[in-house]
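Residue numbers (UniProt numbering): 1 to 155. Built from N, CA and C at the ideal position, the CB exists for glycine as well. Only a predicted model underlies this, so the values are computations on that prediction, with no experimental measurement involved.
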């Protein structure tokens with residue numbers, strides 16, 4: 001079950017850069033009947049905290065044919081107000097084997113998540129939130145296996 005913390009939401013509408021919400025649901029297998037129970041709640045009450053989605057990954061991926069353990073590292077320096085990561089989702093199509101994400105602060109590396117992108121696609125809550133401060137680095141890598149006879153490219 002994916003539920004935001006109390007008093008957390010996405011700020012949408014007047015006086016925001018976001019004028020509407022698009023909900024896009026993907027299924028691995030086509031279902032005859034949908035019993036997922038998705039729910040979207042709207043309120044005019046101002047919330048204390050703003051939710052967001054942070055995406056980490058490589059913009060271009062080139063997977064050689066018949067090659068395993070292809071690593072695609074990425075990193076960036078965060079510049080902004082403090083944020084808290086409380087849930088994560090790893091994703092890498094059928095070639096992905098392991099996705100990992102770390103925070104680097106003053107030379108100290110802390111793992112945020114290491115997961116299998118073949119798990120069911122959901123946001124998984126962390127045991128405890130991980131804070132990201134201004135000037136922290138966020139780094140990670142995705143590991144792929146390409147068992148096909150062709151080059152696989154993304155981006």
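Rounded separation between residue 20 and residue 69 - CA only: In the chain shown, counting from the first residue as 1, residue 20 sits at position 20. In the chain shown, counting from the first residue as 1, residue 69 sits at position 69. C-alpha separation (whole angstroms): 40 Å.
Same chain only: Cβ atoms within 6 Å of residue 154, ignoring 5 sequence neighbours per side: Residue numbering aside, residue 154 sits at position 154 when the chain shown is read from its first letter. Within the same chain, residue 154 has close Cβ partners 61.
CB contact flag (residue 95, residue 63, <8 Å): In the chain shown, counting from the first residue as 1, residue 95 sits at position 95. In the chain shown, counting from the first residue as 1, residue 63 sits at position 63. For residue 95 and residue 63, yes; Cβs fall inside 8 Å.
Pick from 78, 11, 132, 124 that is closest to residue 88, judged by C-alpha positions: The count along the chain shown starts at 1 and reaches residue 88 at position 88. Nearest option by C-alpha distance: 124.
Span of the beta strand (DSSP E), counted from its first residue to its last, around residue 145: To locate residue 145, count along the chain shown from 1; it is residue 145. From DSSP, the beta strand (DSSP E) with residue 145 extends over 137-146.
Assumed close pair residue 101, residue 83 - CB separation to whole angstroms, cut-off 8 Å: Within the chain shown, numbered from 1, the residue matching residue 101 stands at position 101. Within the chain shown, numbered from 1, the residue matching residue 83 stands at position 83. At roughly 13 Å, the Cβ-Cβ gap does not stay under 8 Å, so residue 101 and residue 83 are not in contact.
Whole-Å CB distance - residue 66 paired with residue 146, under 8 Å assumed: For the purposes of this step, residue 66 is taken as residue 66 along the chain shown, with counting starting at 1. For the purposes of this step, residue 146 is taken as residue 146 along the chain shown, with counting starting at 1. Contact flag correct, Cβ pair sits at about 7 Å.
For residue 109, the nearest candidate out of 142, 152, 137 (CA to CA): One-based indexing of the chain shown puts residue 109 at position 109. Residue 109 has its Cα closest to that of 137, out of 142, 152, 137.
Test item: CB-CB of residue 99 and residue 140 under 8 Å: By 1-based counting over the chain shown, the position of residue 99 is 99. By 1-based counting over the chain shown, the position of residue 140 is 140. The answer is yes: Cβ separation under 8 Å.
Beta-carbon proximity of residue 157 to residue 132, cut-off 8 Å: Here the chain comprises residues numbered 1 to 155, so residue 157 is not present and cannot be evaluated.
Among 24, 116, 30, 107, nearest to residue 97 - alpha-carbon criterion: The sequence position of residue 97 within the chain shown is 97, counting from 1. It is 116.
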